[in-house]
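Just so we're aligned, residue 1 is where the sequence shown starts under this note's numbering, counting upward by one. All C-beta atoms, glycine included, are put in the ideal place defined by N, C-alpha and C. What follows is one structure encoded as structure tokens, with my remarks underneath.
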Amino acid sequence: MAVSARLYAVLAVGSGVLVLVAALRFGGGAGVPPIAGLPAAGPLTDWGLPLARFAHELCAVACVGTALAAVLAPAVSPESARCLRAAGWWALGWAFAGLLGYVLTLSSFIPMPVADLLAAPGLLSVGTDLPQTRALLVVTAVTFVVAVATMAPRLPRWIPVVVAVCGLLPPAYVGHAASAGDHDLAVSALMAHLVPMALWVGGLGAVLVYFRRSGDLPVVLPRFSTIALCCFAAVAFSGAVSGWVRLNALSDLWRSPYGLLLLAKIAALAVLGWFGWVHRRRTVAGVADRGVRRTFVRLAAGELGVMAVAMGLGVGLARTPPPPGGEGGGHAHPLLEYTLAPFSPGALIGEWRPDVLIVLLLALPAVAYALGVRRVAAWPFSRTIAWYAGLGLAAPALLGGVAGYARAMLPAQALQHVALAVAVPLLLCLGAPLTLASRATSPASRFGALGSTESRSGALGSPESRSGGPGSPAFGRRLTGPVLLAAYPLLFLLLYGTDWLAWSLTGYAPHLVTELLFLGVGLVTSWVLTGVDPLPRPFARGERMRLLGVVAGTHVAVGAYLMLGPPVAADWLVQTAPPGAPDLLTGQRVAAAVFLIVPLLTLAPLALRLARRRPAARWPWSHVRVADVSAEVTTDVSADVSTDTGTDGSGERSADVSAGRVQGRVVRDDPVSLTDGALLLDRGRRRPPAPAHGRRPPG
């Protein structure tokens with residue numbers, strides 16, 4: 001079986017290579033005779049570069065997929081450790097393919113045969129000045145980080161996945177999509193295409209190779225099937241947008257080599273969709289049966305063969321020139337690389353900037369929250385409203401006119417940062433997503449458990465949790481403590497006190513990183529301030545008030561600096577200001593007003609709530625009991641109290657709890673205690689009442 005598996009892997013990869021060669025010949029991506037009198041890189045570079053890119057993508061997909069499979073498997077599974085080790089080896093192969101691509105790309109750009117290039121080592125440093133080769137060097141550095149991360153036993157298993165996914169993005173930013181008419185749209189579509197493709201293809205390969213004989217396959221396959229369905233939808237949507245950006249008309253699909261190759265890739269995607277449909281109907285639910293398992297292995301092997309063909313088509317398509325005019329910039333701004341309409345206040349709402357990556361990033365939590373609400377027996381409607389209000393506010397900030405003008409006007413940029421750092425995080429945290437996720441994946445949920453108990457609670461007992469690493473409660477306590485108090489003001493200080501702001505406005509990638517960084521810091525801050533979801537440690541009212549004061553003071557300081565200080569990012573903003581925009585000084589004063597007014601209005605209700613909150617009284621043990629110590633109560637009562645009975649992470653009791661009821665359950669038998677947002681069952685002996693003078697009896 002092992003020999004036949006290796007043989008099939010060779011055949012699948014070989015079919016992808018053959019399709020790539022055919023696509024290059026058909027589309028003119030290689031084998032074109034050089035122009036007489038002009039220097040040429042030679043056939044080795046002409047054919048070797050796309051083959052090196054195919055190897056680069058193959059290693060990247062395998063690295064991401066094996067790292068993902070290690071996360072999906074139970075922590076005690078031996079296959080999880082095997083997947084991590086394999087991810088490290090694939091990362092090293094990814095690095096080697098990246099270095100090979102560096103040399104061949106440099107040979108193509110100069111142009112110069114590879115032998116002559118290697119004979120002049122000084123020319124190899126020229127690659128640091130080219131975006132394409134610089135991106136490959138960044139990827140190579142990332143792959144070494146992945147390889148080291150897979151060898152760290154105390155590191156959480158999700159870290160290699162995240163780092164490997166980050167390694168997929170640099171080539172997309174400078175690849176064939178970068179020359180499309182709408183640069184930002186094409187780049188975001190390609191990024192949104194590569195990441196789910198790697199998770200889907202690599203994950204399926206890892207499940208087939210490492211789990212086809214494992215007893216953990218019935219656990220891993222349903223988890224991966226859900227991810228694969230989301231990835232299929234993301235790949236189809238992002239691929240459609242990528243093709244649309246590079247075509248002039250629909251007729252280019254059958255009138256140009258690029259369009260015909262695109263149709264072939266669409267056909268391959270349709271076949272893969274059929275494979276997925278068959279998997280979900282026949283194999284996912286009953287894979288524990290030996291006959292069904294054999295069916296899964298055969299279907300997955302055939303699916304991987306089609307995926308190899310699709311990868312060959314994708315690399316060939318990237319080397320094929322699009323139809324004439326398909327790469328034209330049209331009326332795009334020369335610096336922004338997208339079209340910007342004349343400014344008016346109504347344009348902040350009426351204009352929309354499509355971004356495939358942002359659309360998918362917003363759609364994923366929207367769908368996940370809806371599925372979570374569907375799984376639990378009851379969920380407060382106010383929490384749902386808050387969650388979707390946060391996503392609804394994030395949409396215009398990231399996709400609307402605010403997003404379009406944010407790179408050209410300081411007021412729009414200030415409005416975007418305030419929305420992402422304050423308003424959106426507060427609404428999202430009021431939706432209690434962590435509590436919903438805990439309840440939706442518990443055995444007491446209406447649809448049953450999504451995974452084993454180990455997968456949900458094993459982190460607390462794992463070596464990585466005891467080490468204080470990024471997955472441990474100790475790390476969470478540090479993150480939500482002094483680190484947060486310093487990180488929030490430091491972020492704004494660096495943005496407006498250095499050249500970070502000007503750098504973030506110059507391109508899609510730095511602007512996106514800045515947006516996500518502000519959103520992340522805002523989410524952690526709001527998580528602590530609202531106290532709706534469980535926290536790594538209890539936070540007193542004074543600590544929350546102190547953090548709230550730091551947040552408000554930061555925005556006041558930024559507003560005062562913009563109002564009284566020198567112009568910021570003046571060179572860039574003068575060149576990118578659209579018609580109808582206010583002058584530089586007026587725009588900076590409007591931005592200052594945004595920082596002074598909007599955050600304070602947003603934080604005022606929270607400040608009043610914290611100021612009026614009374615300290616939580618200690619619960620008398622003789623009055624608090626739980627009726628049925630069943631699996632349902634012990635697994636679900638914590639989340640019920642923290643979300644539905646108004647504790648809000650502060651230890652306050654609602655009328656339902658004080659009256660002795662939790663979601664309709666009578667409280668009467670076992671002693672309980674309230675901590676910060678969690679109801680903890682004490683199954684030990686009853687504590688005796690305190691004696692008259694406040695002293696407990698010994699023992």
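Where does residue i sit, in a helix, a strand or coil, going by DSSP?
i	result
W352	strand
G37	coil
G215	coil
P170	helix
L7	helix
E303	helix
H183	helix
T66	helix
P605	helix
F343	coil
R157	coil
Y338	coil
L548	helix
M701	This structure gives no information on residue 701, because the portion of the chain shown stretches from 1 to 699.
A12	helix
L361	helix
D583	coil
G291	helix
H333	coil
A135	helix
L130	coil
L123	helix
L564	helix
S188	helix
V145	helix
T554	helix
S242	helix
L253	helix
A611	helix
L247	coil
V315	helix
T441	coil
G259	helix
Can you give the beta carbon distance from residue i to residue j, rounded, assuming they're within the 8 Å contact cut?
i	j	result
Y508	T554	The Cβ separation is near 27 Å, so there is no contact.
L547	V528	6 Å
L361	P425	With 8 Å as the limit, L361 and P425 do not qualify as a contact, their Cβ atoms being about 15 Å apart.
M311	G587	Actually they do not touch by this definition, with Cβ atoms about 47 Å apart.
G167	V142	4 Å
V103	L117	7 Å
F518	L420	5 Å
G122	A52	Going by Cβ atoms, the distance from G122 to A52 rounds to 23 Å, so no, they are not a contact pair.
L357	S188	4 Å
L20	F54	6 Å
L299	T283	7 Å
L58	V13	7 Å
R293	L217	7 Å
A87	L208	No, A87 and L208 are not in contact; Cβ-Cβ is about 16 Å, not under 8 Å.
Quick one: using the 10 Å Cβ neighbour count with 16 as the cut-off for buried, is residue i buried or exposed?
i	result
T602	buried
S251	exposed
G392	exposed
T150	buried
S504	buried
G390	buried
F211	buried
F381	exposed
D46	buried
G239	buried
Q413	buried
D571	exposed
key: Secondary structure, alpha helix (DSSP H): runs of 4+ residues fully inside the region 365-430   = As far as the region 365-430 is concerned, its whole alpha helix (DSSP H) runs of at least 4 residues are 381-399, 401-406, 410-418 and 424-430.
inquiry  = List, from N- to C-terminal side, the alpha helix (DSSP H) runs of 4 residues or more that fit wholly inside the region 487-539.
reply    = You should have 500-505 and 508-530.
Whole runs of the alpha helix (DSSP H) within the region 46-121, excluding any shorter than 4 residues = Runs of the alpha helix (DSSP H) inside the region 46-121: 78-109 and 114-119.
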